[in-house]
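One structure is given here, and the rest of the page talks about it.
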Amino acid sequence: MSKPTTEKLPVEFLFSPEFSRDPYTQYGALRERGPVHAVEFIPGTDIPAFLVIDYEHGRAALNDPRLAKGSRHAPAFFHREEVSTNPALAENMLNTDPPDHTRLRKLVTKAFTPRRTESLRPRIQEITDGLIDAMEPRGRAELIDDFAFPLPVTVICELLGVPAEDRDDFRHWSAVLLAPAFTPEEIRLRDEVNAAIHAYFGEITAARRADPRDDLVSALVTAHDEDDLLSDQELVAAFTLLLIAGHETTVNLIGNGMLALLTHPGQLRLLQDGPELIPAAIEEFLRYDGPVERATLRFATEDMEIAGVAVPKGSVVQISLGAAGRDPALVEAPDTLDITRADVRHIAFGHGIHFCLGAPLARLEGTIAFGTLLRRLPGIALDCPVEEIGWRAGSIIRGVQALPVRF
1 MSKPTTEKLP
11 VEFLFSPEFS
21 RDPYTQYGAL
31 RERGPVHAVE
41 FIPGTDIPAF
51 LVIDYEHGRA
61 ALNDPRLAKG
71 SRHAPAFFHR
81 EEVSTNPALA
91 ENMLNTDPPD
101 HTRLRKLVTK
111 AFTPRRTESL
121 RPRIQEITDG
131 LIDAMEPRGR
141 AELIDDFAFP
151 LPVTVICELL
161 GVPAEDRDDF
171 RHWSAVLLAP
181 AFTPEEIRLR
191 DEVNAAIHAY
201 FGEITAARRA
211 DPRDDLVSAL
221 VTAHDEDDLL
231 SDQELVAAFT
241 LLLIAGHETT
251 VNLIGNGMLA
261 LLTHPGQLRL
271 LQDGPELIPA
281 AIEEFLRYDG
291 PVERATLRFA
301 TEDMEIAGVA
311 VPKGSVVQIS
321 LGAAGRDPAL
331 VEAPDTLDIT
341 RADVRHIAFG
351 HGIHFCLGAP
361 LARLEGTIAF
371 GTLLRRLPGI
381 ALDCPVEEIG
391 WRAGSIIRGV
401 QALPVRF
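For the sequence shown, counting from 1, position 272 maps to 272 in UniProt numbering; every step adds exactly one.
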């Protein structure tokens, strides 16, 4: 077995504003040195950690049973009392392995059916039109706060059966849970959010158990009570995952995709003139600058190799979904936005048993959002220098903080 790479990337580099502004140039430079890179994941510790940045090995790693998601496989550092975990997310299907993952996903899939998703189409269109109605008279908007966030969060709130007026709390909870938590203050804030989430969904679970409704929470609670498949902790984790993943992906798909179009006027005109290209354009947006930059952590359950690099048992492994989409081995001219590409491939929604369950909903929301925006606001343009666009900090999500537009 070959030796691990000796030069380690400092984890601060991956979280830096410079990296967030243009990760693809950085990934391109790293790719010239190889597809797998050692990372100083926890400064001051000797925990082996690796970042996979190409499509071939990244896709394979996403579905490799030797790379577990469950916290019991994590290095001892992650189990120290002073290191916060995420109990609101710890027992959901994203962070578990078979057979628990199989059981959880089967139940959630049973409740979150394609028919339920497709039935949302008229309501998604209605919400989309309402948001544009509110923006249109002003001639200007901040597209994230005014459109890209309220659209999917309203949809997922209605699907779950929770009040849309609580969406500011949901946004805050998502931001905290998706951000790194290394300092005492960050850990304290994460603990507070976990407590708030448990209280919130605990109340709703009790209410639905007493009085079921036609919503996703009731479907999961009912399945829990009848089949004894989900514990209360698993229910909270499932609801938290659905709430966060149910809007975060679409917010960034719309924001990143619109920024790509607004900075590529030829592609924007092409899509305005040919709305039938929207489904293909969405796949290109997912490849070119997708909503999830790096997958959640995996842990090596045995000594293994990835692309010839030794990955010892107990290693932390993270796959860059964003870097994989820009792999020259995947597509020709990967740094070029081209909504006419045929057979666009990417792993923006993951791969294998952890493939994003909400991908059909994100694609449906994206199709309606882009189609309606370009039809109703044909003169839409960026309302600030592109250099002023800021990016959200975090280890997983990739999305613009704000997107000022005029029309």
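The beta-carbon is built from N, C-alpha and C at its ideal position, and this holds for glycine as well. Quantities reported herein were computed from a predicted structural model and do not represent experimental measurements.
Between residue i and residue j, is the Cβ-Cβ spacing less than 9 Å?
i           : j      : result
ALA164      : ASP146 : no
TYR55       : LEU330 : yes
LEU361      : THR109 : no
ASP327      : LYS313 : no
GLU142      : VAL386 : no
THR340      : ALA260 : no
GLU284      : ASP338 : yes
ALA245      : GLY358 : yes
VAL309      : PHE50  : yes
ALA324      : ILE53  : yes
ILE306      : VAL316 : no
ILE124      : VAL162 : no
LEU9        : LEU364 : no
residue 408 : LEU271 : Absent from the structure is residue 408, since the part of the chain shown begins at 1 and ends at 407.
LEU262      : LEU107 : no
ALA348      : ARG269 : no
GLU136      : LEU377 : yes
VAL202      : ASP169 : Residue identity check: residue 202 is Gly in the sequence provided, not Val. No, the Cβ-Cβ distance between GLY202 and ASP169 is not below 9 Å.
PRO275      : ARG375 : yes
Closer than 7 Å by C-beta to residue i: which residues in its own chain qualify, once you throw out the five before and the five after it? Chain order, please.
i      : result
ILE197 : ALA88, TRP173, VAL236, THR240
ILE42  : PHE77
In its own chain, which residues sit with a C-beta less than 8 Å from the C-beta of residue i, not counting the 5 before and 5 after it?
i      : result
PRO265 : none
ILE396 : LEU178, VAL292, GLU293, ARG294, ALA295, THR296
TRP391 : PRO17, SER20, ARG21, ARG398, GLY399, VAL400, GLN401
SER2   : Legend: pLDDT at SER2 = 43, less than 50; position of this residue unreliable, no value from coordinates given.
THR367 : ILE278, PRO279, ILE282
ARG345 : TYR55, ARG287, LEU330, VAL331
Whole angstroms is fine: what's the gap from residue i's alpha carbon to residue j's?
i      : j      : result
ASP129 : ILE380 : 16 Å
ARG398 : PRO99  : 31 Å
LEU243 : ILE156 : 6 Å
GLU82  : ALA74  : Any answer about GLU82 is weak, because its pLDDT of 48 lies below 50 and its placement is not dependable; what the coordinates show is given next. One C-alpha to the other measures close to 15 Å.
THR301 : ASP97  : 12 Å
LYS69  : ARG298 : 5 Å
ARG140 : ASP383 : 8 Å
THR154 : ARG167 : 8 Å
ILE47  : LEU220 : 38 Å
LEU373 : ILE132 : 8 Å
ARG31  : ILE319 : 13 Å
ILE187 : ALA393 : 16 Å
PRO4   : GLY58  : Because PRO4 sits at a pLDDT of 44, beneath the cut-off of 50, its placement in the model cannot be relied upon, and the following sentence gives the value as read from the coordinates. Cα to Cα, PRO4 sits roughly 17 Å from GLY58.
ASN95  : ALA29  : 31 Å
GLY322 : ASP343 : 18 Å
SER218 : GLY34  : 48 Å
ASP211 : GLU192 : 29 Å
ALA111 : CYS356 : 15 Å
ASP335 : MET258 : 17 Å
ARG208 : ARG72  : 32 Å
ALA199 : ASP214 : 22 Å
LEU189 : ARG171 : 14 Å
TYR27  : GLN267 : 24 Å
ALA238 : PRO122 : 26 Å
ALA60  : PHE407 : 44 Å
ALA206 : ALA333 : 53 Å
THR113 : GLU158 : 15 Å
Please work out which residues of its chain come closer than 6 Å, Cβ to Cβ, to residue i, disregarding the five sequence neighbours upstream and downstream, and give them in chain order.
i      : result
ALA402 : GLU142, ILE144
ALA148 : VAL251, ILE254, GLY255
ARG115 : none
HIS101 : MET93
ILE389 : VAL400
Check the C-beta distance from residue i over to residue j and give it rounded, since I have them as a contact under 8 Å.
i      : j      : result
LEU216 : LEU160 : 5 Å
PHE15  : THR45  : About 17 Å; that fails the 8 Å criterion.
Cβ contact check for the stretch 171-189 and the stretch 33-40: 3 or more pairs under 8 Å:
no
With contact counted as at least three CB pairs below 8 Å, one residue from each stretch, are the stretch 284-299 and the stretch 245-265 in contact?
yes
Contact between the stretch 351-371 and the stretch 63-70 is defined here as three or more beta-carbon pairs at a separation below 8 Å; is this criterion met?
yes
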